[in-house]
Amino acid sequence: MLTKRIIPCLDVKDGRVVKGVSFVNLRDAGDPVEVATIYDREGADELCFLDITASHENRKTIIEVVEQTAARVFMPLTVGGGVRTLDDIRTLLNAGADKVSINTTAVQQPEFVREAAQRFGTQCIVVAIDAKQSGQADRWEVFTHGGRKPTGLDAVEWARRMEGYGAGEILLTSMDQDGRQNGYDLALTAAVSERLSIPVIASGGVGTLEHLYDGLVKGKADAVLAASIFHYRTYTIQQAKAYLRDREVPVRLDPA
Amino acid sequence: MIAIIDYGMGNLRSVFKAFEAVGHQAVVTREPRAIANASHVVLPGVGAFGDCMANLERYELITPIQVAIQSGKPFLGICLGLQLLFTESEEFGTHKGLGLIPGRVKKFSLDPSLKVPHMGWNEIQVVRPAPPLVGIAPGSYYYFVHSYYVEPVDSTIIATVTEYGKPFVSAVWKDNVVACQFHPEKSQAVGLQLIKNFGAWT
Chain A
1 MLTKRIIPCL DVKDGRVVKG VSFVNLRDAG DPVEVATIYD REGADELCFL
51 DITASHENRK TIIEVVEQTA ARVFMPLTVG GGVRTLDDIR TLLNAGADKV
101 SINTTAVQQP EFVREAAQRF GTQCIVVAID AKQSGQADRW EVFTHGGRKP
151 TGLDAVEWAR RMEGYGAGEI LLTSMDQDGR QNGYDLALTA AVSERLSIPV
201 IASGGVGTLE HLYDGLVKGK ADAVLAASIF HYRTYTIQQA KAYLRDREVP
251 VRLDPA
Chain B
1 MIAIIDYGMG NLRSVFKAFE AVGHQAVVTR EPRAIANASH VVLPGVGAFG
51 DCMANLERYE LITPIQVAIQ SGKPFLGICL GLQLLFTESE EFGTHKGLGL
101 IPGRVKKFSL DPSLKVPHMG WNEIQVVRPA PPLVGIAPGS YYYFVHSYYV
151 EPVDSTIIAT VTEYGKPFVS AVWKDNVVAC QFHPEKSQAV GLQLIKNFGA
201 WT
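From first to last, the protein sequence lines stand for chains A and B.
For the first sequence, position 103 (counting from the first letter as 1) is numbered 103 according to full-length UniProt numbering, and the numbering increases by one without interruption.
For the second sequence, position 114 (counting from the first letter as 1) is numbered 114 according to full-length UniProt numbering, and the numbering increases by one without interruption.
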């Protein structure tokens, strides 16, 4: 049976993990490669790096991080942030990324998603959507530029359009919930997942293991992404998976 | 030396690093001579079937692949590298494959509640333990990402099956050729075990 995926996400700036990471037994908790290695050992199903490097000159540092990670960790790796050209995608894939996530550029040039999917295959094109509740019930608006810029696009419609353009997966972040540890926006997640035939990753708002369960079951997500609950060691990946397995959510959990 | 065939598609670095991690020497190449001299050959690949065939033609790799398979040396196909061995695929119209294994590559047609691509970790059931699969525990999880699956004419070559809505063929084994739909290079310990076994297969 296909299992639900648990994906820890690392925000990387100028080659270093930002947002707190509190692992014991790590020489350097700011080193994304070391953190990736820990998550690998714990049985994470995939890893996500989000490059939030501000300046263009520092872009090459994420390439080095991806190269070093791919040499040590043998699981799927998604890299997002600042992907603007087909060359950007080629460079990341050559460095060892399996998928790239595209956000702002998809809104600015939707055809870019189509070209990227045709060139590299739909399986490696993830479209990231940052969505926020609009005034109306069950409507969410897409934002870009790290959530600063409203677009007027309806999130569900936009997700469907991106599926049609060849996105292989949608990474859906609720801006209302992100960072609040109150749980995913389940109505948003379910609305998108039910209307798409490609996988949807829920993101934004996890504080407890129950939130992961709700995202997968009530939100009907195919995968759940979380950052701080794993970084701060509130829970380990195994604890999350054991919790889900006990509640009959199919997860990949090797017998300890 | 293990030759990993580079025809401009997909993330070859992971395949290379996986062999390196388990102590097998490998090289990423599109040189016919390197492929001919290799002890083992790997055909990886992600992307669209038609583009991949076009690239194999462009880089004049079809004959070296056929020769490698006929020579009897261990050959591993991964993901699209499995599908390309078949007669034809229905991806974006009909495309001819390498025709080394009779059969077709078909699109998943499933209950709408099941997402396509089939993406994530799923179990393999070993039907015939090909040498690279020896020692892999029953029901091990491997990482998959694909929208098409293979249907060999000769069902006796099926090595593993996986369930997604219905059972589909997730690996085949015919003589010196083992090819899998899943990605061992992305499947953590059980994946590396398969890679290690393949490199040790003679």
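Beta carbons are placed, not taken as given, at the ideal position from N, Cα and C, and that holds for glycine.
As the structure is a prediction and not an experimental result, all values here were calculated from the model.
Excluding its 5 nearest sequence neighbours in each direction, Arg245 of chain A has C-beta neighbours in its own chain below 8 angstroms: Val251, Leu253, listed in chain order. Taking 8 angstroms as the cut-off, the Cβ atoms of Leu194 of chain B and Ile158 of chain B do not count as close. C-alpha of Ser187 of chain B to C-alpha of Tyr142 of chain B: approximately 5 angstroms in a straight line. For Val46 of chain B, no alpha helix (DSSP H) segment is defined, and its DSSP state is neither H nor E. Remark: C-beta atoms of Ile7 of chain A and Leu47 of chain A approach each other more closely than 8 angstroms.
Comparing alpha-carbon positions, the option among A:Val21, A:Arg84, A:Asp11, A:Val113 lying closest to Val66 of chain A turns out to be A:Asp11.
Not one beta carbon of chain A lies nearer than 8 angstroms to the beta carbon of Gly93 of chain B. Of all alpha-carbon atoms in A:Glu42, A:Asp185, A:Ser197, the one lying nearest the alpha-carbon of Gln133 of chain A is that of A:Asp185.
Bounds of the alpha helix (DSSP H) holding Gly81 of chain B are 80-83. Where Asn197 of chain B is concerned, the enclosing alpha helix (DSSP H) starts and stops at 188-200. Three or more beta-carbon pairs separated by less than 8 angstroms link the segment 50-68 of chain B to the segment 8-15 of chain B, which places the two stretches in contact. The Cβ-Cβ distance between Ala221 of chain A and Ile201 of chain A falls below 8 angstroms.
Between the alpha carbons of Ala71 of chain A and Gln83 of chain B lies a gap of roughly 26 angstroms. Here Glu163 of chain A is buried. Its C-beta has 16 or more other C-beta atoms within 10 Å. Between the alpha carbons of Lys174 of chain B and Gln70 of chain B lies a distance of about 12 angstroms. Contacts with chain B (Cβ-Cβ distance below 7 angstroms) from the segment 47-75 of chain A involve Ala70, Ala71, Phe74, Met75, listed in chain order. Arg16 of chain A carries a strand assignment under DSSP once its states are collapsed to helix, strand and coil. Contact annotation for Met53 of chain B against chain A: no contact, minimum CB-CB distance about 14 angstroms [criterion: below 8 angstroms]. The C-beta of Asn94 of chain A comes closer than 8 angstroms to at least one C-beta of chain B. Flagged as an interface residue toward chain A: Pro117 of chain B, by a C-beta distance shorter than 8 angstroms. Nearest Cα to Ser203 of chain A within the set A:Asn182, A:Glu194, A:Arg195: A:Asn182.
In chain order, Asp130, Ala131, Lys132, Phe143, Gly147, Gly204 place their CB closer than 8 angstroms to the CB of Met175 of chain A, counting only its own chain and leaving out the 5 sequence neighbours on each side. When rounded, the separation of the alpha-carbon atoms in Ala29 of chain A and Ile63 of chain A is 19 angstroms.
Taking one beta carbon from each stretch, the segment 98-113 of chain B and the segment 75-90 of chain B have 3 or more pairs nearer than 8 angstroms; the two touch.
Less than 8 angstroms divides the Cβ of Leu86 of chain A from the Cβ of Arg119 of chain A. For the segment 118-152 of chain A, residues whose beta-carbon sits nearer than 9 angstroms to a beta-carbon of chain B comprise Gln118, Arg119, Phe120, Gly121, Thr122, Gln123, Cys124. Look at Thr3 of chain A: its C-beta is under 8 angstroms from a C-beta on chain B.
For the options A:Thr3, A:Thr37, A:Leu212, A:Gln238, the alpha carbon positioned closest to that of Met119 of chain B is the one of A:Thr3.
Distance check between Ile237 of chain A and each of A:Arg27, A:Gly15, A:Lys13, A:Arg41 places A:Arg41 closest, using alpha-carbon atoms only. Within chain B, the residues whose beta carbon sits less than 8 angstroms from that of Gly168 of chain A are Pro117, Met119, Val145, listed in sequence order. Within the same chain, Cβ atoms closer than 7 angstroms to the Cβ of Ala240 of chain A are found at Ile6, Leu209, Leu212, the five residues on either side in sequence being excluded. Here the alpha carbons of His146 of chain B and Met1 of chain B stand approximately 29 angstroms from one another. In the same chain as Trp158 of chain A, and ignoring 5 residues on each side of it, the C-beta atoms closer than 6 angstroms to its own belong to Val142, in chain order. In this structure Ala44 of chain A touches Met75 of chain A by the C-beta definition: roughly 7 angstroms separates them, less than 8 angstroms.
The alpha-carbon separation between Leu133 of chain B and Pro152 of chain B amounts to approximately 19 angstroms. For Thr144 of chain A, the enclosing beta strand (DSSP E) covers residues 140-144.
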